[in-house]
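The sequence shown begins at 0 in numbering that gives the first Met the number 0 and counts up one residue at a time.
Beta carbons are placed, not taken as given, at the ideal position from N, Cα and C, and that holds for glycine.
Here the structure is a predicted model, which is why all the values come from computation and not from measurement.
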Amino acid sequence: MTDSKRKSLRSESWFNDLADPEMTALYLERYLNYGLTLEELRSGKPIIGIAQTGSDLSPCNRHHVELAKRTRDGIIAAGGIPLEIPVHPIQETGKRPTAMLDRNLAYLSLVESLYGYPIDGVVLTIGCDKTTPALLMAAATVNIPAIAFSVGPMLNGWYKGERAGSGAIVWKAREKYATGEIDGEGFLNMAAASAPSVGYCNTMGTASTMNSLAEALGMQLPGSASIPAPYRERGQMAYHTGTRIVEMVHEDLRPSDVMTRAAFENAIVVNSAIGGSTNAPIHLVAIARHLGIDITNADWESIGYDVPLLANVQPAGAYLSEDFHLAGGLPAIVAELLRGGLIPHDDAITVTGQKFGSLYADAPCENDDVIRTIDRALTAKAGFLNMTGNLFDTAIMKTSVITQDFRDRYLSHADDPMAFEGPAFVFDGPEDFHKRIDDPELGITADSILVMRGAGPKGYPGGAEVVNMRPPSYLIKQGIRGLPCLGDGRQSGTSGSASILNASPEAADGGNLAILQDRDRLRIDLNTRKVELLLDDQEIAARRASLDAAGGYQVPESQSPWQAIFRDRVRQFSDGMVLDGADKFQDIANK
Ligand code: FES
Ligand code: MG
Numbered sequence: 000m001t002d003s004k005r006k007s008l009r010s011e012s013w014f015n016d017l018a019d020p021e022m023t024a025l026y027l028e029r030y031l032n033y034g035l036t037l038e039e040l041r042s043g044k045p046i047i048g049i050a051q052t053g054s055d056l057s058p059c060n061r062h063h064v065e066l067a068k069r070t071r072d073g074i075i076a077a078g079g080i081p082l083e084i085p086v087h088p089i090q091e092t093g094k095r096p097t098a099m100l101d102r103n104l105a106y107l108s109l110v111e112s113l114y115g116y117p118i119d120g121v122v123l124t125i126g127c128d129k130t131t132p133a134l135l136m137a138a139a140t141v142n143i144p145a146i147a148f149s150v151g152p153m154l155n156g157w158y159k160g161e162r163a164g165s166g167a168i169v170w171k172a173r174e175k176y177a178t179g180e181i182d183g184e185g186f187l188n189m190a191a192a193s194a195p196s197v198g199y200c201n202t203m204g205t206a207s208t209m210n211s212l213a214e215a216l217g218m219q220l221p222g223s224a225s226i227p228a229p230y231r232e233r234g235q236m237a238y239h240t241g242t243r244i245v246e247m248v249h250e251d252l253r254p255s256d257v258m259t260r261a262a263f264e265n266a267i268v269v270n271s272a273i274g275g276s277t278n279a280p281i282h283l284v285a286i287a288r289h290l291g292i293d294i295t296n297a298d299w300e301s302i303g304y305d306v307p308l309l310a311n312v313q314p315a316g317a318y319l320s321e322d323f324h325l326a327g328g329l330p331a332i333v334a335e336l337l338r339g340g341l342i343p344h345d346d347a348i349t350v351t352g353q354k355f356g357s358l359y360a361d362a363p364c365e366n367d368d369v370i371r372t373i374d375r376a377l378t379a380k381a382g383f384l385n386m387t388g389n390l391f392d393t394a395i396m397k398t399s400v401i402t403q404d405f406r407d408r409y410l411s412h413a414d415d416p417m418a419f420e421g422p423a424f425v426f427d428g429p430e431d432f433h434k435r436i437d438d439p440e441l442g443i444t445a446d447s448i449l450v451m452r453g454a455g456p457k458g459y460p461g462g463a464e465v466v467n468m469r470p471p472s473y474l475i476k477q478g479i480r481g482l483p484c485l486g487d488g489r490q491s492g493t494s495g496s497a498s499i500l501n502a503s504p505e506a507a508d509g510g511n512l513a514i515l516q517d518r519d520r521l522r523i524d525l526n527t528r529k530v531e532l533l534l535d536d537q538e539i540a541a542r543r544a545s546l547d548a549a550g551g552y553q554v555p556e557s558q559s560p561w562q563a564i565f566r567d568r569v570r571q572f573s574d575g576m577v578l579d580g581a582d583k584f585q586d587i588a589n590k
């Protein structure tokens, strides 16, 4: 490209503004102080941010610190200048009260970094659960050329000769611990067996899901999502990502060109086929909102429910992320969906500048037990149901994890094979659950329904991953390994529970879960997608009035300034848990 034809870069208004030599001098001098030269900064080379989510605090993404060296090499080779940008850490397993609280904080801070500094394009280093949506939300808002780059999952974990999957093994250990089969150290050994290398969770939890969906949205290079973190291909992909972002800046290919409504619809279909996390609707809705695209839980059902489960990966299947990669990874899934005519928009443009369908059509499958063909799918309809009723307006149910045991016990009655009833037992947050669940006096029986409330975005700031509750230990000892669960919190993407989740509005935001009492009868009907509290409207109104008179549903005090600000501004899970008013800021770098 000749200089006269070159589109001017946003960074030039910092470093090369001839009309304002004073400010230019001030901006420039400090970037020189660690060795950058005037020639580089005024050469018209794009300044490429590497939004760095890895740190010692964030083990899942820590390998990005190493990989960024290869990304830098790629950026320099393609004629760009890399600048690494620290992102507020979000470590799923380390942050109290919940990492989800920090998704919006990391998003907000990255928006300021990208908007307020001389950045022409950005590599988004994604991985651990909330890092992916946080970075995509920021890129969507600022709308400078952006490409996502996954850190990759951990290698397969092994425990006593069997695959040990992140999270999944914790749910198993929890049962063994409850029955006294293992002690605290045994619990730790089981959990640690699932973390054999650098990288993020090796099941199809929220991390693998969101990294896969970042590719399905067109925001990663093809094949990038599934490469395990320690594999050499991961470093090579870092290099290619670095070269591509420089080209994207020259092409002015922006997030709003890639993350269109069509791309979101493709991603919803892919989510069903991989058995993706119930956190995905919250995050995709949030990313979409920051681009002015309205996606709802009803869209998740209408676009995604009929799609078959093809990935035989825990928690919905048997294998782990390394197996998934070796079998062909996301490209093999997309290729099969394309063959079945199930990708709604094969013409969506990706960060490559090419059409989604053309990139994946010939991707091979190397193991047809791990990645199934449509005619050998693990489940015919693997998407989410959008549940409604008199306790909440909308909630999500992941059908791909409904076990045979669950089907036999709840969904096989001759009179109505898709509906069941039972008495509710209600817990106010995870602490209350842990305190009371094993108390035989409570009277939980095999036909009970466990309800968690006070665990939504406002109740437990960010929303706790606690709706998948285990039965009391006395029932586990009798062989009852799961009870139906329902609540206004979330559950880990690694959980195999067919819970009804993310209920909006939550108890702490005027939802009727707040008026539920122990032993109230609930009816859950998967045909009509209804959850009903079996009380007449008058009784419901009376309970509501007396709760409101008593000051409404009470939640614990905020423990930090951000928790208080967050609770004040946050919207419900069905609205993506976005901050009220934040999503009106769109395309801000181009205004
Ligand atoms: Fe970080 Fe699962 S805890 S990816
Ligand atoms: Mg998780």
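Status (buried if at least 16 other CB within 10 Å, exposed otherwise) for residue i
i: A44; result: Looking at the sequence provided, one finds Lys at residue 44 rather than Ala. K44 comes out buried.
i: P20; result: exposed
i: F584; result: exposed
i: L31; result: exposed
i: K171; result: buried
i: I267; result: buried
i: M99; result: buried
i: I587; result: exposed
i: D427; result: buried
i: L25; result: exposed
i: I370; result: buried
i: A563; result: exposed
i: K4; result: Confidence at K4 is low in this model, with a pLDDT of 49, below 50, so the placement of that residue should be treated as unreliable; the coordinate-derived value is given next. With fewer than 16 Cβ atoms within 10 Å of its Cβ, K4 is classed as exposed.
i: A297; result: exposed
i: Q553; result: exposed
i: T1; result: Confidence at T1 is low in this model, with a pLDDT of 43, below 50, so its placement is unreliable and no value can be given for it.
i: Q51; result: buried
i: S447; result: buried
i: Q313; result: buried
Integer Cβ distance of residue i from residue j, believed to fall under 8 Å
i: P96; j: G461; result: 7 Å
i: A423; j: L534; result: That pair is no contact at about 11 Å.
i: R489; j: N501; result: 6 Å
i: G303; j: S276; result: Contact doesn't hold; Cβ gap of about 13 Å is too wide.
i: A147; j: M218; result: 4 Å
i: G352; j: E250; result: 6 Å
i: A224; j: G73; result: Wrong, their Cβ atoms sit about 18 Å apart, outside the cutoff.
i: G274; j: L308; result: 5 Å
i: T259; j: A347; result: 6 Å
i: N210; j: I125; result: 6 Å
i: V86; j: A67; result: Actually they do not touch by this definition, with Cβ atoms about 12 Å apart.
i: G222; j: R69; result: With a Cβ gap of about 16 Å, G222 and R69 do not count as contacting.
Bounding residues of the beta strand (DSSP E) (the contiguous stretch that carries residue i)
i: R543; result: Per DSSP, R543 belongs to no beta strand (DSSP E); it is in the alpha helix (DSSP H), 536 to 548.
i: K529; result: 529 to 532
i: I146; result: 145 to 149
i: S42; result: Counting along the chain, S42 falls outside any beta strand (DSSP E), and DSSP gives it neither H nor E.
i: L485; result: 484 to 486
i: Y33; result: Neither: Y33 is in no beta strand (DSSP E) and is coded neither H nor E.
i: D72; result: Element bounds for D72: not the beta strand (DSSP E) but the alpha helix (DSSP H), 62 to 76.
i: S503; result: 499 to 503
i: R162; result: 161 to 163
i: G356; result: Careful: G356 lies outside any beta strand (DSSP E), inside the alpha helix (DSSP H) at 355 to 359.
i: G156; result: 156 to 158
i: A394; result: 393 to 397
heavy atom of the ligand HEM below 8 Å from residue i C-beta
i: T493; result: Here the bound small molecules are the ligand FES and the ligand MG; the ligand HEM is not part of this structure.
Continuous alpha helix (DSSP H) stretch holding residue i: start and end
i: T242; result: 231 to 250
i: E83; result: Segment 80 to 85 is the beta strand (DSSP E) holding E83; no alpha helix (DSSP H) there.
i: G115; result: 102 to 115
i: T131; result: 130 to 141
i: T208; result: 205 to 215
i: I273; result: 260 to 273
Per DSSP, the bridge partner or partners of residue i
i: F424; result: L449
i: T628; result: There is simply no residue 628 to check, as the chain begins at 0 and stops at 590 in what is shown.
i: A50; result: I84, L123
i: R591; result: The structure shown has nothing for residue 591, since the chain only spans 0 to 590.
i: V312; result: Y318
i: R375; result: Looking at the DSSP assignment, R375 forms no beta bridge with any residue, so it has no partner.
i: E91; result: Bridge partners of E91: none, in fact.
i: V333; result: Per DSSP, none; premise fails for V333.
i: P429; result: Answer by DSSP bridge pairing: none, since P429 is not bridged.
i: P152; result: Y199
Query - Around the ligand FES, Cβ to any heavy atom closer than 5 Å, ordered along the chain - result: Listed by chain position, these are C59, E91, T92, C127, Y199, C200, A206.
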